[in-house]
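>
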Amino acid sequence: MIKEKKRRKDMTGYLFIAPAIIFFLVFIVYPIGFISYGSLFNWSSLSNMTFVGLKNFVELFQDKVFIITLRNTLLWILITITIQMVLGFILAYIIEEKVKKYKSFFRTLFFIPVVTSVVVISIVWSNMYSPYQGLLTNFLYSIGFGSPINLLGDVNKAIFAIMVVNIWEWTGWSMILYIAGLSEISQGIKEAALIDGAKGFKKIYHIFIPLTAHVHKSLVLLGIIGSLQTFALVYSMTSGGPNSATEVPGTYIFKMGFQVQRMGYASAISVIILLLALVLTVMQVVTLGSGNFISKKGGK
Numbered sequence: 015m016i017k018e019k020k021r022r023k024d025m026t027g028y029l030f031i032a033p034a035i036i037f038f039l040v041f042i043v044y045p046i047g048f049i050s051y052g053s054l055f056n057w058s059s060l061s062n063m064t065f066v067g068l069k070n071f072v073e074l075f076q077d078k079v080f081i082i083t084l085r086n087t088l089l090w091i092l093i094t095i096t097i098q099m100v101l102g103f104i105l106a107y108i109i110e111e112k113v114k115k116y117k118s119f120f121r122t123l124f125f126i127p128v129v130t131s132v133v134v135i136s137i138v139w140s141n142m143y144s145p146y147q148g149l150l151t152n153f154l155y156s157i158g159f160g161s162p163i164n165l166l167g168d169v170n171k172a173i174f175a176i177m178v179v180n181i182w183e184w185t186g187w188s189m190i191l192y193i194a195g196l197s198e199i200s201q202g203i204k205e206a207a208l209i210d211g212a213k214g215f216k217k218i219y220h221i222f223i224p225l226t227a228h229v230h231k232s233l234v235l236l237g238i239i240g241s242l243q244t245f246a247l248v249y250s251m252t253s254g255g256p257n258s259a260t261e262v263p264g265t266y267i268f269k270m271g272f273q274v275q276r277m278g279y280a281s282a283i284s285v286i287i288l289l290l291a292l293v294l295t296v297m298q299v300v301t302l303g304s305g306n307f308i309s310k311k312g313g314k
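Rendered as structure tokens:
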């Protein structure tokens, strides 16, 4: 009787976790397995699969456009994550520690870009970047930058112009996480820091930055994952141009798979990006550590 009750309890537990397991197998394990398998073939939506082994991967690392996508991705990770974290921390500190009134208003104001449609953002910023009618380019021209600049049409500037938009869009996300981290720091720690003479920058450097270490790690990890998934903003603003200067893995996979109809080649790109994501994630965990920080409890 006791064994039967225990068996029923075990079955109930399995039933509760079954939907999550099925979801994981269907939407994560199966796609990864299928893409990995498909990367070993030449195929399209209109043709049969022809086994080619590692030929797609060999071709991939001789592909100049793919090398450009890797360069752009690494630049994207280094530049956007760093600036978003710095600006997000500064905004969070000002709102949390300096602003006495209308805190909710400022939080909402800076968070609005995060929940705004990427298509809307790309249209607005593309108009601002317009070489002759754009607000931003006309401003740069008025302060002495020579003739109107076609930022999105310049192979050397286009990717950085899109990065500016990404930073503007996601800094509010960093700010909200930092506000949550700063709000966890107990008043007792702040008062003790003042007694020890920690004011201004010293207080920020010795108290606030160390005690929000868990937020730094989270933002780096989420930023890496988000950077590798970049697609909509780039495709909406430049479609990877001019001359593939703003190509990122997402746009290149889309073009190879659905426009050129080289599904096997697109699958090979996806496998490499997945491996890159795993390597960068492991490096992040090893470099920044995975231990518990006092900041997780705000020192309470």
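Be aware that the sequence shown starts at 15, since it is given in this note's numbering, and climbs by one per residue. Here a beta-carbon is modelled for each residue, glycine too, at the ideal position from N, C-alpha and C. Remember, it's a predicted structure, so these values are computed and weren't measured experimentally.
1) Given this structure, state the Cα-to-Cα distance separating residue 75 from residue 283, to the nearest angstrom.
2) Give the straight-line distance between the Cα atoms of residue 142 and residue 186, rounded to the nearest whole angstrom.
3) Report the rounded CA-to-CA distance for residue 236 versus residue 286, giving the unit in angstroms.
4) In whole angstroms, what separates the C-alpha of residue 40 from that of residue 291?
5) Classify residue 148: buried if its beta carbon has 16 or more other beta carbons within 10 angstroms, exposed otherwise.
6) What three-state label does DSSP hand residue 253 in the structure shown?
7) Going by DSSP in three states, residue 200 sits in which element: helix, strand or coil?
8) Kindly list the residues whose CB is nearer than 6 angstroms to the CB of residue 298, restricted to its own chain and excluding five residues on each side of it in sequence; keep chain order.
9) Tell me, to the nearest whole angstrom, how far the beta carbon of residue 263 is from that of residue 83; I am working on the premise that it is less than 8 angstroms.
10) Could you check the C-alpha separation between residue 133 and residue 266 for me, to the nearest Å?
11) So residue 140 is in the alpha helix (DSSP H); what residue range does that whole segment cover?
12) Quick check on this structure: which residue in 220, 261, 211, 171 has the alpha carbon closest to the alpha carbon of residue 199?
13) Leaving out five residues on either side along the sequence, give the residues of the same chain with a beta carbon under 7 angstroms from the beta carbon of residue 158.
14) With distances taken between CB atoms, is the gap from residue 59 to residue 270 smaller than 8 angstroms?
15) What are the boundary residues of the beta strand (DSSP E) that includes residue 272?
16) What number of angstroms, rounded off, separates the C-alpha of residue 101 from the C-alpha of residue 131?
17) Report, in whole angstroms, the separation of the C-beta atoms of residue 203 and residue 294, which I expect to be a contact under 8 angstroms.
In short, the structure shows the following:
1) Translated into the one-based positions of the sequence shown, residue 75 becomes position 61. Translated into the one-based positions of the sequence shown, residue 283 becomes position 269. So the two alpha carbons sit approximately 10 angstroms from each other.
2) Along the sequence shown, read from residue 1 onward, the residue named residue 142 stands at position 128. Along the sequence shown, read from residue 1 onward, the residue named residue 186 stands at position 172. So the two alpha carbons sit approximately 21 angstroms from each other.
3) Residue numbering aside, residue 236 sits at position 222 when the sequence shown is read from its first letter. Residue numbering aside, residue 286 sits at position 272 when the sequence shown is read from its first letter. Going by the C-alpha atoms only, they are around 19 angstroms apart.
4) For the purposes of this step, residue 40 is identified with residue 26 of the sequence shown, where counting begins at 1. For the purposes of this step, residue 291 is identified with residue 277 of the sequence shown, where counting begins at 1. Straight-line Cα distance between these residues: approximately 21 angstroms.
5) In the sequence shown, counting from the first residue as 1, residue 148 sits at position 134. Label assigned to residue 148: buried.
6) As a first step, residue 253 is located in the sequence shown; it is residue number 239 there, counting from the start. Looking at residue 253 - three-state DSSP - the assignment turns out to be coil, as it is neither helix nor strand.
7) If you number the sequence shown from 1, residue 200 lands on position 186. Coil, per DSSP.
8) Counted from its first residue, the sequence shown places residue 298 at position 284. So the list reads 234, 235, once near-sequence residues are dropped.
9) What you label residue 263 is simply residue 249 of the sequence shown in a count that begins at 1. What you label residue 83 is simply residue 69 of the sequence shown in a count that begins at 1. Indeed they touch by this definition, with Cβ atoms about 5 angstroms apart.
10) For the purposes of this step, residue 133 is taken as residue 119 along the sequence shown, with counting starting at 1. For the purposes of this step, residue 266 is taken as residue 252 along the sequence shown, with counting starting at 1. Straight-line Cα distance between these residues: approximately 19 angstroms.
11) By one-based count along the sequence shown, residue 140 stands at place 126. Unbroken alpha helix (DSSP H) run through residue 140: 132-142.
12) Working through the sequence shown from its first residue, we reach residue 199 at position 185. It is 220.
13) Taking the first residue of the sequence shown as position 1, residue 158 is located at position 144. Here the set comprises nothing.
14) Against the sequence shown, residue 59 aligns to sequence position 45. Against the sequence shown, residue 270 aligns to sequence position 256. No; because the gap between Cβ atoms is not below 8 angstroms, this pair is not in contact.
15) For this step, residue 272 is matched to residue 258 along the sequence shown. Segment: none, residue 272 is in no beta strand (DSSP E) and carries neither H nor E.
16) To locate residue 101, count along the sequence shown from 1; it is residue 87. To locate residue 131, count along the sequence shown from 1; it is residue 117. Each residue's alpha carbon lies about 22 angstroms from the other.
17) Residue mapping note: residue 203 aligns to position 189 of the sequence shown, counting from 1. Residue mapping note: residue 294 aligns to position 280 of the sequence shown, counting from 1. The pair is not a contact, with the Cβ atoms about 33 angstroms apart (cut-off 8 angstroms).
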